[in-house]
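K.L.:
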Amino acid sequence: MPELPEVETIRRDLEKKILNKKIVEVKVIKKKVIKEPDLSEFKKGLEGEKVKEILRKAKVLIFKLRDDKFLIVHLRISGWLLYGEEDPKARVVFKFSDGKFLNYMDPRLLGELRLRKDFKDLKFIKELGPEPFELKEEDFKKIVSSKKTKIKVLLMDQALISGIGNVYAQEALFRAKISPLRESNSLSSEEISFLFKSILEILKEAIKYRGSSVDTYRDIGGREGGMGQRLKVYGRQGEPCFVCKTPIRKITLGGRGTCFCPKCQK
DNA sequence: AATGGGACCTGCGCGC
DNA sequence: TGCGCGCAGGTCCCAT
Numbered sequence: 072m073p074e075l076p077e078v079e080t081i082r083r084d085l086e087k088k089i090l091n092k093k094i095v096e097v098k099v100i101k102k103k104v105i106k107e108p109d110l111s112e113f114k115k116g117l118e119g120e121k122v123k124e125i126l127r128k129a130k131v132l133i134f135k136l137r138d139d140k141f142l143i144v145h146l147r148i149s150g151w152l153l154y155g156e157e158d159p160k161a162r163v164v165f166k167f168s169d170g171k172f173l174n175y176m177d178p179r180l181l182g183e184l185r186l187r188k189d190f191k192d193l194k195f196i197k198e199l200g201p202e203p204f205e206l207k208e209e210d211f212k213k214i215v216s217s218k219k220t221k222i223k224v225l226l227m228d229q230a231l232i233s234g235i236g237n238v239y240a241q242e243a244l245f246r247a248k249i250s251p252l253r254e255s256n257s258l259s260s261e262e263i264s265f266l267f268k269s270i271l272e273i274l275k276e277a278i279k280y281r282g283s284s285v286d287t288y289r290d291i292g293g294r295e296g297g298m299g300q301r302l303k304v305y306g307r308q309g310e311p312c313f314v315c316k317t318p319i320r321k322i323t324l325g326g327r328g329t330c331f332c333p334k335c336q337k
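For the first sequence, the working numbering assigns the number 72 to the initial residue and increments by one for each residue that follows.
1. Is it buried or exposed for Val97, if we count other Cβ within 10 angstroms and need 16 for buried?
2. Pairs of beta-carbons, one from the stretch 122-133 and one from the stretch 218-234, closer than 8 Å: are there three or more?
3. Using alpha carbons as the reference points, say which of Leu85, Lys101, Phe141 lies closest to Leu153.
4. Going straight from the alpha carbon of Leu146 to that of Asp138, what length do you get?
5. Classify Phe313: buried if its beta carbon has 16 or more other beta carbons within 10 angstroms, exposed otherwise.
6. Which whole-angstrom value describes the C-beta separation of Tyr305 and Gln241, a residue pair presumed to lie in contact below a C-beta threshold of 8 Å?
7. What's the C-alpha gap between Ser111 and Glu205?
8. Can you find the residues in the same chain that come closer than 8 Å, C-beta to C-beta, to Thr317, ignoring five residues on each side of it along the sequence?
9. Please confirm whether Ser250 and Lys219 have their CB atoms less than 8 Å apart.
10. For the putative contact between Lys87 and Lys121, defined by C-beta atoms under 8 Å, what is the C-beta separation to the nearest angstrom?
11. Please identify the residue among Asn237, Glu261, Glu272 whose C-alpha is closest to the C-alpha of Arg246.
12. Under 8 Å, with one C-beta from each stretch per pair, do the stretch 147-166 and the stretch 284-297 reach the 3-pair mark?
13. Could you tell me the alpha carbon to alpha carbon distance between Pro201 and Arg301, rounded to whole angstroms?
14. Measuring CA to CA, which of Gly116, Ile100, Phe134 is closest to Asp177?
15. Would you mind stating whether Lys223 and Thr329 have Cβ atoms separated by less than 8 Å?
16. Hey, how far is the Cα of Lys135 from the Cα of Ser217?
17. Do Val104 and Leu173 have their C-beta atoms closer together than 8 Å?
18. Measure from the alpha carbon of Ser149 to the alpha carbon of each residue in Leu142, Lys171, Ile94, Val78, then state which is nearest.
19. Report the start-end ranges of each beta strand (DSSP E) in the stretch 98-161 that is 3 residues or longer and not cut off at the edges.
20. Can you give me the C-alpha to C-alpha distance between Lys160 and Lys166, rounded to a whole angstrom?
21. Note down, in chain order, each residue of its chain lying with its Cβ closer than 8 Å to the Cβ of Glu262, except the 5 sequence neighbours on either side.
22. Give me the Cβ distance between Val215 and Leu199, rounded to the nearest whole Å; I'm assuming they're in contact under 8 Å.
23. Near Pro73, which residues of its chain fall below 6 Å by C-beta distance, leaving aside the five closest residues on each side in sequence?
24. Sort Asp286, Leu184, Gly282, Phe211 by Cα distance to Lys268 and report the nearest one.
25. Quick check on DSSP: helix, strand or coil for Phe265?
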């Protein structure tokens with residue numbers, strides 16, 4: 072799915088488009104993505120409501136409709152939102168009172184939408200660790216040095232640190248010159264410090280450039296993000312490292328493809 | 001506790 | 001051209 076920077080880009084763009092707009096109609100084309108409540112209650116519960124606030128927790132988007140009514144959208148891997156006209160590939164369509172549409176796009180159908188009284192009690196929100204921006208360097212050091220997991224797997228563990236996914240974990244490690252294979256408790260204090268700064272930088276840069284479109288992700292206007300072309304290792308297996316020209320290696324870690332420079336990253 | 005594999009899904013690019 | 005395969009930004013569940 073979109074990681075923190077992509078979801079934040081969506082959130083900011085949507086704020087300009089649908090805040091205080093009324094939902095007049097909801098069309099569910101693929102009911103699989105509606106996890107709760109049942110279909111008719113989902114539609115009935117949304118139609119007539121205004122979007123009061125748009126929040127984000129790590130990679131999850133949350134639309135506040137009332138103090139006790141929230142639409143929670145987890146885009147998972149292939150979900151994205153397209154604003155404007157109704158789209159033929161949409162899985163769910165929200166029509167607003169100004170005649171505009173918000174399309175929930177999700178080719179792989181792995182995402183999920185929920186309408187609930189609250190979001191804080193949802194498992195995949197309740198169990199989130201702090202986002203990198205909420206962490207002090209000392210907290211990050213404690214997290215990293217307390218585990219012996221491979222550092223790349225740790226960075227993607229949402230219960231420890233939330234918002235980082237498979238792209239930015241690889242990019243942060245490249246920037247920090249740390250191998251994704253290192254056991255996290257083997258990192259020196261200086262390495263952890265450098266890694267922490269690298270994470271913050273890469274996430275900030277990715278937000279600035281409106282995310283990476285390496286797969287299905289698009290912004291709400293259907294445009295690609297500008298961060299994709301700034302990635303240094305993701306998807307570059309076999310190509311020369313931008314720093315030392317050594318071919319970028321690809322391995323599997325935690326079940327996910329992982330690219331790194333075997334020479335620069337120790 | 002940590003790790004590896006599979007499941008959930010569709011669609012794309014690649015090699016033959 | 002057409003087909004099969006591998007792979008895709010996430011998360012959960014199971015076995016070891």
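Backbone N, C-alpha and C define an ideal beta-carbon position, used for all residues, glycine too.
P.N.:
From the atom records:
1. buried
2. yes
3. Leu85
4. 23 Å
5. exposed
6. 5 Å
7. 38 Å
8. Pro311, Cys332, Pro333, Lys334, Cys335
9. no
10. Wrong, their Cβ atoms sit about 16 Å apart, outside the cutoff.
11. Glu272
12. yes
13. 26 Å
14. Ile100
15. yes
16. 37 Å
17. no
18. Val78
19. 105-107, 124-128, 131-137, 140-145, 151-155
20. 15 Å
21. Ala247, Ile249
22. 18 Å between Cβ atoms; not a contact.
23. Leu146, Tyr288
24. Phe211
25. helix
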